[in-house]
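Novice:
Number of protein chains: 2
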Amino acid sequence: MSPTPTDVEQVELANTAFYEAVERGDFEELSTLWLEDEVSCVHPGWPVLTGRGEVLRSYALIMANTEYIQFFLTDVKVTVLADAAVVTCTENTLSGGPAEEAGELGPLVGQLIVATNVFRRTQEGWKLWSHHGSPVLAETDDEEDDETPA
Amino acid sequence: MSPTPTDVEQVELANTAFYEAVERGDFEELSTLWLEDEVSCVHPGWPVLTGRGEVLRSYALIMANTEYIQFFLTDVKVTVLADAAVVTCTENTLSGGPAEEAGELGPLVGQLIVATNVFRRTQEGWKLWSHHGSPVLAETDDEEDDETPA
Chain A
1 MSPTPTDVEQ VELANTAFYE AVERGDFEEL STLWLEDEVS CVHPGWPVLT
51 GRGEVLRSYA LIMANTEYIQ FFLTDVKVTV LADAAVVTCT ENTLSGGPAE
101 EAGELGPLVG QLIVATNVFR RTQEGWKLWS HHGSPVLAET DDEEDDETPA
Chain B
1 MSPTPTDVEQ VELANTAFYE AVERGDFEEL STLWLEDEVS CVHPGWPVLT
51 GRGEVLRSYA LIMANTEYIQ FFLTDVKVTV LADAAVVTCT ENTLSGGPAE
101 EAGELGPLVG QLIVATNVFR RTQEGWKLWS HHGSPVLAET DDEEDDETPA
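Those protein sequence lines, which keep their order, are chains A and B.
For the first sequence, the positions run 1 to 150 when full-length UniProt numbering is used.
For the second sequence, the positions run 1 to 150 when full-length UniProt numbering is used.
(1) Using a Cβ cut-off of 7 angstroms, pull out every chain B residue sitting near A:Trp129, in sequence order please.
(2) Between the segment 74-88 of chain B and the segment 90-98 of chain A, can you find at least three pairs of beta-carbon atoms closer than 8 angstroms?
(3) Can you tell me where the beta strand (DSSP E) with B:Gln70 in it begins and where it stops?
(4) Could you confirm whether any beta carbon from chain A is found closer than 8 angstroms to the beta carbon of B:Trp126?
(5) Taking 8 angstroms as the threshold (beta carbon to beta carbon), is B:Ala60 in contact with chain A?
(6) Is B:Ala82 close to chain A, meaning its C-beta is less than 8 angstroms from at least one C-beta of that chain?
(7) Answer with yes or no whether the minimum CB distance from B:Arg120 to chain A is below 8 angstroms.
(8) Among residues of its own chain, excluding the 5 on either side of B:Glu23, which ones have a beta-carbon nearer than 8 angstroms to its beta-carbon?
(9) My output table needs one value for A:Glu91: the three-state DSSP class, helix, strand or coil.
(10) Under 8 angstroms Cβ-Cβ, which residues of chain A neighbour B:Thr74?
(11) Can you tell me whether DSSP reads B:Gly53 as helix, strand or coil?
(12) Going by DSSP, name the residue or residues bridged to A:Gln111.
(13) Could you work out which residue in A:Cys41, A:Gly45 and A:Leu128 is closest to A:Leu137 when comparing CA atoms only?
(14) Listing by chain order, which chain A residues have their CB less than 7 angstroms from the CB of B:Glu38?
(15) Along chain A, in chain order, which residues have C-beta atoms closer than 8 angstroms to that of B:Leu30?
(16) Which class does B:Gly125 belong to by DSSP, given the choice of helix, strand or coil?
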């Protein structure tokens with residue numbers, strides 16, 4: 001018998017499943033990964049979306065406009081406290097939209113995005129409660145001159 | 001006797017206290033508002049900061065470089081599930097850095113930032129577990145053409 005995965009391992013798997021569902025454009029799978037309760041989502045540069053309807057509609061739109069997307073996750077950090085978990089990670093994304101001409105892939109664009117994903121323990125496993133992604137605009141090595149607030 | 005504030009009211013007060021501490025540049029107060037455990041923080045355009053030391057140092061730097069900052073919070077939404085809470089809000093900020101000449105205020109800059117703040121219930125009240133702020137770059141009214149992923 002293999003040992004029961006720890007909470008941290010389970011949350012990390014739920015986090016990976018989320019990105020894989022987006023990569024595959026698997027809307028049905030993605031829907032099952034979000035809580036049934038009130039959820040919220042911020043895509044990079046977007047305002048806040050709240051509620052399952054608004055959040056899932058945004059993914060349907062993104063999937064319709066994305067021909068190809070791949071996430072290389074780095075710096076994945078998981079913190080579990082009782083029935084909630086916070087995951088932070090860097091999404092190194094490579095994506096392309098539909099091409100102008102049918103059958104061709106649009107130009108691929110690389111982006112550096114950081115995400116905070118909040119999960120909630122349910123009877124059906126860990127479910128997404130909140131996703132917040134944002135573009136990294138500043139250098140990490142020297143933040144002393146950065147005046148960006150809060 | 002006034003009624004005991006609900007969880008949602010308590011979380012909203014903790015959220016307001018967080019922004020007021022940054023407005024006042026009150027580092028001591030701000031330190032007491034964060035969990036003692038593993039915390040994470042993303043300032044707009046920044047990479048992820050993890051751990052109390054790294055997070056609090058970033059606020060010390062921001063406070064040192066910010067002469068004036070004011071937050072007008074709108075769209076504050078609170079969700080509480082057991083001992084954890086997610087707050088989303090729009091931070092309409094007005095801020096200014098130190099001026100070139102001593103005694104003068106630097107130019108004021110307005111910014112539209114959205115935040116996801118995660119709180120955790122402790123014996124000393126609700127404490128910040130995660131803060132993620134990001135600039136709003138896109139229009140909210142017509143997202144159909146937006147191809148920004150995940």
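We treat Cβ as the ideally placed atom computed from N, Cα and C, and that holds for glycine.
Specialist: The short version:
(1) Mapped onto the first sequence, residue 129 of chain A falls at position 129. Those are Val86, listed as they occur along chain B.
(2) no
(3) Position 70 of the second sequence, counted from the start, is the residue given in the question as residue 70 of chain B. That run of the beta strand (DSSP E) goes Tyr68 to Leu81.
(4) Locating residue 126 of chain B in the second sequence gives position 126, counting from the first residue. It does not; no Cβ of chain A falls within 8 angstroms.
(5) In the second sequence, residue 60 of chain B corresponds to position 60, counting from 1. So, not an interface residue.
(6) By one-based count along the second sequence, residue 82 of chain B stands at place 82. Judged by the 8 angstroms Cβ criterion, B:Ala82 is in contact with chain A.
(7) Here the question's residue 120 of chain B lines up with position 120 in the second sequence. With 8 angstroms as the cut-off, B:Arg120 counts as an interface residue toward chain A.
(8) Looking up residue 23 of chain B in the second sequence gives position 23. Cβ contact annotation for B:Glu23 (same chain, cutoff 8 angstroms, sequence separation greater than five): Ile69, Gln70 and Phe71, in chain order.
(9) Here the question's residue 91 of chain A lines up with position 91 in the first sequence. Of the three classes helix, strand and coil, the one that applies to A:Glu91 here is strand, per DSSP.
(10) Here residue 74 of chain B refers to the residue found at position 74 when the second sequence is read from its first residue. None at all; the shortest Cβ gap to chain A is about 10 angstroms.
(11) If you number the second sequence from 1, residue 53 of chain B lands on position 53. B:Gly53: helix per DSSP, three-state reduction.
(12) For the purposes of this step, residue 111 of chain A is taken as residue 111 along the first sequence, with counting starting at 1. DSSP lists A:Thr93 as partners of A:Gln111.
(13) Against the first sequence, residue 137 of chain A aligns to sequence position 137. Nearest C-alpha to A:Leu137: A:Gly45.
(14) One-based indexing of the second sequence puts residue 38 of chain B at position 38. What B:Glu38 touches in chain A: Thr79.
(15) Taking the first residue of the second sequence as 1, we reach residue 30 of chain B at position 30. Chain A residues near B:Leu30: none, gap ~10 angstroms exceeds 8 angstroms.
(16) Walking along the second sequence from the start, residue 125 of chain B turns up at place 125. Looking at B:Gly125 - three-state DSSP - the assignment turns out to be strand.
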